[in-house]
Amino acid sequence: MIWLIAKKDFLLNLLSVKFIIGFVLCLLVIPFTVIVSVDNYQNQVRVYKIEQAQADKEMKECRVWSAVRPTVVQEPEPLSIFSTGIISNIGNKVKIAFWEYPLFPEGHTITRDNPLLNAFFSIDFSKVIAILISLLALVFSYDAITREREDGTMKLTFTGQVSRISFLLGKLLGLLLTLLPILLFCYLLACLIIVINPEISFSASDWSGLVLLFLTSVIYMLVFLLLGMFISSRVTHSSSSIIISLLCWIWFLFLMPNIATYLAQSISKAPLYDNVRAIMSEYDETYYKEYMEEWPRAAQRANMNSLSYNNCNGDGPEYLELAGGPRETPLFHQQMQIWATPMMLNSADKKWALQRNYLDGLIRQQQLQQAIAWLSPSELFAQTTEVLCHTNTGSFLKYMESIRNYRESVITYFKDHKLFESISYFTGQALEDFPIQAEVDSGDETAQKRYNRLNSEFPVLDTNGVPRYIPQPVTLSATLGDALGRLCALLGLAIVLLIATIVSFMKYDVR
186 MIWLIAKKDF
196 LLNLLSVKFI
206 IGFVLCLLVI
216 PFTVIVSVDN
226 YQNQVRVYKI
236 EQAQADKEMK
246 ECRVWSAVRP
256 TVVQEPEPLS
266 IFSTGIISNI
276 GNKVKIAFWE
286 YPLFPEGHTI
296 TRDNPLLNAF
306 FSIDFSKVIA
316 ILISLLALVF
326 SYDAITRERE
336 DGTMKLTFTG
346 QVSRISFLLG
356 KLLGLLLTLL
366 PILLFCYLLA
376 CLIIVINPEI
386 SFSASDWSGL
396 VLLFLTSVIY
406 MLVFLLLGMF
416 ISSRVTHSSS
426 SIIISLLCWI
436 WFLFLMPNIA
446 TYLAQSISKA
456 PLYDNVRAIM
466 SEYDETYYKE
476 YMEEWPRAAQ
486 RANMNSLSYN
496 NCNGDGPEYL
506 ELAGGPRETP
516 LFHQQMQIWA
526 TPMMLNSADK
536 KWALQRNYLD
546 GLIRQQQLQQ
556 AIAWLSPSEL
566 FAQTTEVLCH
576 TNTGSFLKYM
586 ESIRNYRESV
596 ITYFKDHKLF
606 ESISYFTGQA
616 LEDFPIQAEV
626 DSGDETAQKR
636 YNRLNSEFPV
646 LDTNGVPRYI
656 PQPVTLSATL
666 GDALGRLCAL
676 LGLAIVLLIA
686 TIVSFMKYDV
696 R
């Protein structure tokens, strides 16, 4: 009996104007959305290749170790075509520095107070699916019960051997069979656009993630179908049901996400980064003050009467490249570098404590926003799709933590090879090739030539041994584990709505 009711509703819906309009709407909107997302992804790939080539070039052209600062460029995530997450809020490259920990990537101007709070109105496949499928689900289900009552067919149906639960499950199955082809068509159309594009390559893990994304969309669609049926079981007229359904749709998809963001920013106050930068600047000023105080002591140890340069780039222990000049100059800078390195790294640790506190404030704000947003099934769906597409905040924070660990490995490499205390840290010229000041003053031509050496005369460094950043692959099981809580919450909501609809319909007046 359940199948007969489902078959009847499916055939009626299939021939209805609502189905045709819904199908045509998806046919028009989905290709446009996917094409825009694909174009954005391809632009990201082009930028990635250019910036990665530039980063490799910079590493290969270094002549001194103080210039060796690896740049990590994040490769675009293919599944971001389906859900952009917070990608549009953050940059894509991080330049490793010894005097400061990386907090956020560069390459993009952050226009929001908290880049971890995702902007709702962004064009991507998952957002369009969330809007269209929820709207279609409510449009098809808002009169699932009231229409039968208004037409008088419900009373006639129950005069036979049909139970209320069988009737309800049959209606639900019919609605699922109606909307499932539309949803499947949306995904197949998106996959077709991707497959025929030779510049996009999905791995087996990406395709598996896409399958999970489709199953999540089915559960999301089921939630709104049950919501429409529940509303329909609580009212007596279809006109009332459609108004309430549309109000719920507007609340869940458009109002609740922005209210959640506002409440999160109001309840959990994050420190202003300008204040953090001000304190960090004070640390820098203290460091440079101590640096200048060490200056005469280092000059005395290097037997230097006055500082003299022939060719010099840079302004301190962070970056310095010099050639030529008297031998006392590199000896002086070597003494300064030996003193400055632990001070520089210690200052970076102090600044990171401030940055960490600031970041924790942003994370607490973002977590509160997501917790409040769980009151909306559309936000649950959005959070789940971001996790499945690796574009959520959690994936970004793990990535940045791996960058900071990589920074430590670079520092360890410099320490193990004693590069911080080496002459090669700031000059490509051998120490014995520098003339002493007395030789220069005597007018020795050979000494004068050595005095006038240029940086460009020296070969580039062999940086092949410097650690390279290797991104850690994200397994499907790990992704599913991260998304499992939200998936269960979405499925649990569907079960609650199903039970509530059954209980409500058992008391429904069919007259």
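Every number in the working numbering is 185 more than the matching position in the sequence shown, counting from 1. All C-beta atoms in this analysis are idealised placements derived from N, C-alpha and C, irrespective of residue type, glycine included. From a predicted model like this one, the values you see are computed outputs, not experimental measurements.
| Item | Value |
| --- | --- |
| DSSP has K278 in a bridge; who is on the other side? | V258, E291 |
| Could you please give the first and the last residue of the uninterrupted alpha helix (DSSP H) stretch that includes L357? | 349-380 |
| According to DSSP, is N495 helix, strand or coil? | coil |
| Among the residues of its own chain, which have a CB less than 7 Å from the CB of R248, if the five just before and after it don't count? | E506, G613, N640, F643, V645, L646 |
| Taking just the CA atoms, how far does M465 sit from C673? | 43 Å |
| Can you tell me whether DSSP reads L672 as helix, strand or coil? | helix |
| Touch check for the stretch 433-446 and the stretch 346-359: three-plus C-beta pairs under 8 Å? | no |
| Going by DSSP, what residue range makes up the alpha helix (DSSP H) through S191? | Rather than Ser, the amino acid found at residue 191 in this sequence is Ala. Unbroken alpha helix (DSSP H) run through A191: 187-199. |
| Do the CB positions of W524 and E479 come within less than 8 Å of each other? | yes |
| Assign E507 to one of three DSSP states: helix, strand, or coil. | For clarity, residue 507 is Leu in the given sequence; the question names Glu instead. Correct three-state label for L507: strand. |
| Looking only at its own chain, which residues have a Cβ that is under 7 Å from the Cβ of A685, when we skip the five neighbours before and after it? | F415 |
| Using three-state DSSP, classify G628 as helix, strand or coil. | coil |
| In whole angstroms, what is the alpha-carbon distance linking V396 and S609? | 54 Å |
| What do you reckon, are the CB atoms on I379 and F387 nearer than 8 Å? | yes |
| Could you tell me the alpha carbon to alpha carbon distance between N198 and F204, rounded to whole angstroms? | 6 Å |
| Just to confirm, is the Cβ distance from T648 to I272 under 8 Å? | no |
| Helix, strand or coil, according to DSSP, for Y654 in the structure here? | coil |
| Just the C-alpha distance for S319 and F409, rounded to the nearest angstrom, thanks. | 6 Å |
| Quick test of the definition: if touching needs 3 or more C-beta pairs under 8 Å, does the stretch 254-265 touch the stretch 557-566? | no |
| Residues in its own chain within less than 6 Å of A463 by CB, not counting five upstream and five downstream? | none |
| Just verifying my parser: in three-state terms, what is the DSSP assignment at R248? | coil |
| Starting from N488 and walking both ways along the alpha helix (DSSP H), at which residues does that stretch end? | It is not in any alpha helix (DSSP H) - N488 carries neither H nor E in the DSSP assignment. |
| Please report how far the alpha carbon of N443 lies from the alpha carbon of D241, in whole angstroms. | 42 Å |
| Under the three-state reduction of DSSP, which class applies to I308: helix, strand or coil? | coil |
| Closest to I187 by C-alpha separation, out of I588, K356, L368, would be which residue? | K356 |
| Would you call Y458 buried or exposed, if buried means 16 or more other Cβ atoms sit within 10 Å of its Cβ? | buried |
| Where does E513 land, buried or exposed, given buried means 16+ other C-beta within 10 angstroms? | buried |
| Can you give the beta carbon distance from L361 to L407, rounded, assuming they're within the 8 Å contact cut? | 7 Å |
| Mapping DSSP to helix, strand and coil, what is C574? | coil |
| With burial defined as no fewer than 16 other Cβ atoms inside 10 Å of the residue's Cβ, what is the status of Q485: buried or exposed? | exposed |
| Enumerate in chain order the residues of its own chain whose CB-to-CB distance from L317 is below 7 Å, with the five nearest sequence positions on each side excluded. | L210, C211, V214 |
| Considering only C-alpha positions, which residue in the set D309, Q552, D194 is nearest to F267? | D309 |
| If you follow the alpha helix (DSSP H) that E333 is in, where does it begin and where does it stop? | 331-336 |
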